[in-house]
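First up is the structure itself, then whatever we jot down about it.
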Amino acid sequence: MRTDERGLAYGGGWLDRANGLRGDPDRVRAVLADPGSVLLPFWQDRCLVSAGRAPLRLMAADSAALLAAADETVFLGLDAGAAVFAVDLSGRPEATALELTGAVAAVDVRALVGGLTAAEAAVQAYGKGMLHWHRGQRWCGSCGAVTQPRDGGHTRSCTAPGCGRLFFPRIEPAVIVLVEAPGEPGRCLLARHRGAPEGSWSTLAGFVELGESLEDAVRRELAEEAGVTVTGVAYQGSQAWPFPAGLMVGFRATAAGTEVRVDGDEVVDARWFTRAELRDRVAAGHPLGRVDSIDRHLLGSWLHQAG
5 MRTDERGLAY GGGWLDRANG LRGDPDRVRA VLADPGSVLL PFWQDRCLVS AGRAPLRLMA
65 ADSAALLAAA DETVFLGLDA GAAVFAVDLS GRPEATALEL TGAVAAVDVR ALVGGLTAAE
125 AAVQAYGKGM LHWHRGQRWC GSCGAVTQPR DGGHTRSCTA PGCGRLFFPR IEPAVIVLVE
185 APGEPGRCLL ARHRGAPEGS WSTLAGFVEL GESLEDAVRR ELAEEAGVTV TGVAYQGSQA
245 WPFPAGLMVG FRATAAGTEV RVDGDEVVDA RWFTRAELRD RVAAGHPLGR VDSIDRHLLG
305 SWLHQAG
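Count the sequence shown with this note's numbering and you get residues 5 to 311, in order.
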């Protein structure tokens with residue numbers, strides 16, 4: 005395991021994903037049968053947790069009933085030589101999932117992330133995203149036939165003769181942007197999104213569309229949502245965001261001017277904040293973005309610059 009250099013959630017741990025192993029079904033079955041293998045149980049995208057709200061890590065040696073009841077079991081990789089699997093119990097009643105695992109509750113990883121190490125959060129989010137994909141890819145998009153898992157759960161294949169189409173987990177990239185005003189004093193643009201609580205402000209973000217580069221998506225999103233033309237688009241970092249299959253790509257950009265025209269649809273208000281205003285908000289108890297989101301990194305790094 006390693007710690008992400010930026011402290012971003014869901015990217016701070018790294019299993020050996022063992023691509024060569026997962027392509028060999030006999031080896032996958034063998035490691036699943038190994039008593040020392042680790043099982044991470046989930047129910048409908050939620051982690052099954054202990055009384056201390058820690059996600060369960062069950063040993064395969066004690067989990068025959070769990071594996072027999074699973075809708076899907078996906079090989080995630082190796083942790084110091086021990087195989088790690090995500091196990092989906094979504095097809096069972098919640099009470100049954102709790103009884104099978106000895107869990108006390110099923111909790112979204114986003115509600116737990118503040119108490120997890122970066123590595124723990126990364127592996128839980130990885131498992132959640134993989135199992136979510138399996139539940140949504142049970143039929144072939146070309147012919148409608150049933151698909152079946154292969155490659156340790158990293159591929160699904162159509163079972164229809166003459167089709168055999170392969171399906172792989174898809175990533176949905178999105179850009180998230182810290183926009184600076186031109187000139188002095190230093191200011192950044194924050195928006196209030198429809199449905200957000202009153203007084204809640206955040207950076208602007210949006211999904212990348214087909215045929216766009218990441219930088220194109222930054223320019224389009226800012227123009228569409230805030231009426232702002234930006235230059236100097238610069239990459240800042242990326243974050244795994246498996247809710248269910250995102251990848252958040254962070255940028256900074258500089259606005260050509262300070263006029264703002266919100267679209268009134270996704271964004272209902274936007275305004276420029278000085279560093280002093282942001283510091284006052286923090287002092288008043290308003291956090292700089294969610295604890296698990298890259299927008300906190302973007303805002304924090306800008307706020308702590310001189311100025």
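Beta carbons: idealized from backbone N, C-alpha and C, even for Gly.
Keep in mind that this is a model prediction, so the values were computed, not measured.
Asked, Found
"Whole-number beta carbon distance between L62 and S54, since they are thought to touch under 8 Å", "11 Å between Cβ atoms; not a contact."
"Exposure label - D20; buried when at least 16 CB within 10 Å", "exposed"
"Residue range of the unbroken beta strand (DSSP E) whose run includes G250", "250-259"
"Start and end residues, beta strand (DSSP E) containing G210", "208-211"
"Rounded Cβ spacing between A195 and V234 (contact assumed at less than 8 Å)", "Actually they do not touch by this definition, with Cβ atoms about 14 Å apart."
"Buried versus exposed call for S217 [16 or more other C-beta atoms within 10 Å across all chains shown]", "exposed"
"Nearest to G40 (by Cα), restricted to the options D220, A68, R26", "A68"
"Environment of G254 [buried if 16+ CB atoms lie within 10 Å]", "buried"
"First and last residue of the uninterrupted alpha helix (DSSP H) at L102", "98-105"
"Cα-Cα separation between W137 and D49, rounded to whole angstroms", "10 Å"
"Nearest to E270 (by Cα), restricted to the options G210, G215, W276", "G210"
"Inter-residue spacing [alpha-carbon to alpha-carbon] between A115 and G148", "36 Å"
"Local conformation of V35 per DSSP, three classes", "helix"
"Length at least 4, wholly inside the region 172-198: the alpha helix (DSSP H) runs in chain order", "none"
"Delimiting residues of the beta strand (DSSP E) encompassing V272", "271-278"
"Own chain residues within Cβ distance below 6 Å of L25, not counting five before or after", "R31"
"Residues bridged to L91 [DSSP beta-bridge criterion]", "Note on identity: in this sequence residue 91 is Val, with Leu being the wrong assignment. Partner(s): P45, T77."
"D112 versus G187 - alpha carbon distance", "43 Å"
"As assigned by DSSP and simplified to three states, the class of D220", "helix"
"CB-CB length for D92 against E76, believed under 8 Å", "4 Å"
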